[in-house]
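Student: Following this message is one structure expressed as structure tokens.
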Amino acid sequence: MAIEPITLSGKYVTLVPLAPDHHDGLVAAVQDGDLWQLWYTSIPTPDAMAAEIDRRLTLQAAGTMLPFTVIEAATGKIVGMTTYMHIDHVSPRLEIGSTFYAKSAQRTPLNTEAKLLLLTHAFEHLNCLAVEFRTHFMNQQSRRAIERLGAKLDGILRQHMRMPDGSLRDTCVYSIIATEWPMVRRALTYKRDHSGAV
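Heads up, the sequence shown is in the working numbering, so the first residue is 1 and it goes up one at a time.
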């Protein structure tokens, strides 16, 4: 599985390789809704954004992550970040995660199409056997969104990781497998084309 930076484009959204000069736009995106204040997520504060960009690009260089900046197609405005992560080149499989969207971009066709683009590339170009999604047990908004994608709950990793505030997170692990992808693609395409949001 050859993971290389790539631009994925659709009607509502363009996913471009993360770059340091996206910093100011990403800061503005997290400030739209004060996203870092949600206790059950790990979204960088405005002051920590430069370090987060560096972290993701370092992992990209190591071959374990491929981060994207999310751009609203209609305006050219940066509205978030998303990432291929925990890349397993042998299986092959990966996780779509470390995602955040400005509050104004949440629950819009933009998010639906972003997931459609990422999943299409993962299954049809990278030939993944499975794509994972992980989230905090208490993050009901994220869990509902993942389930609306068509992903199934594989299990819950109890006390899986420590959050920035010191609390322990139970992690819900979801996945879509290759045999399920054609039906998931059909459903996501319908939602996108009929302005449905996940």
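Think of the CB as a built atom: it goes at the ideal place given N, C-alpha and C, for glycine as much as any other residue.
Quick test of the definition: if touching needs 3 or more C-beta pairs under 8 angstroms, does the region 66-77 touch the region 176-196?
Tutor: As far as the Cβ criterion goes, the region 66-77 does not touch the region 176-196, which means the pair count is below three.
Student: Could you say which of M85, R93, V79 lies nearest to Y101 if we only look at CA atoms?
Tutor: Numbered from its first residue, the sequence shown carries residue 101 at position 101. The residue from M85, R93, V79 with its alpha-carbon nearest to that of Y101 is V79.
Student: Please report the distance separating the alpha-carbon of G166 from that of S142.
Tutor: Your numbering for residue 166 matches position 166 in the sequence shown. Your numbering for residue 142 matches position 142 in the sequence shown. The alpha-carbon atoms of G166 and S142 are separated by roughly 21 angstroms.
Student: Considering only C-alpha positions, which residue in the set P46, D88, R144, R56 is nearest to T69?
Tutor: Residue 69 sits at position 69 when you count from the first residue of the sequence shown. Ranked by how close their Cα comes to the Cα of T69, the residues P46, D88, R144, R56 have R56 in first place.
Student: Please report the distance separating the alpha-carbon of R148 from that of P92.
Tutor: By 1-based counting over the sequence shown, the position of residue 148 is 148. By 1-based counting over the sequence shown, the position of residue 92 is 92. Going by the C-alpha atoms only, they are around 24 angstroms apart.
Student: Cα-Cα, which of Q37, E180, A114 is closest to K191?
Tutor: Taking the sequence shown and counting its residues from 1, the one referred to as residue 191 is at position 191. The option with the nearest alpha carbon to K191 is A114.
Student: Mark A109 as exposed unless 16 or more other C-beta atoms lie within 10 angstroms of its C-beta, in which case mark it buried.
Tutor: Numbered from 1 along the sequence shown, position 109 holds the residue referred to as residue 109. As written in the sequence, residue 109 is Pro, which differs from the Ala given in the question. P109 comes out buried.
Student: Cα separation between Q159 and D170?
Tutor: On the sequence shown, residue 159 is found 159 positions in, with the first residue counted as 1. On the sequence shown, residue 170 is found 170 positions in, with the first residue counted as 1. One C-alpha to the other measures close to 5 angstroms.
Student: Tell me, which residues are paired with R134 by DSSP?
Tutor: Along the sequence shown, read from residue 1 onward, the residue named residue 134 stands at position 134. Answer is V173, bridged to R134.
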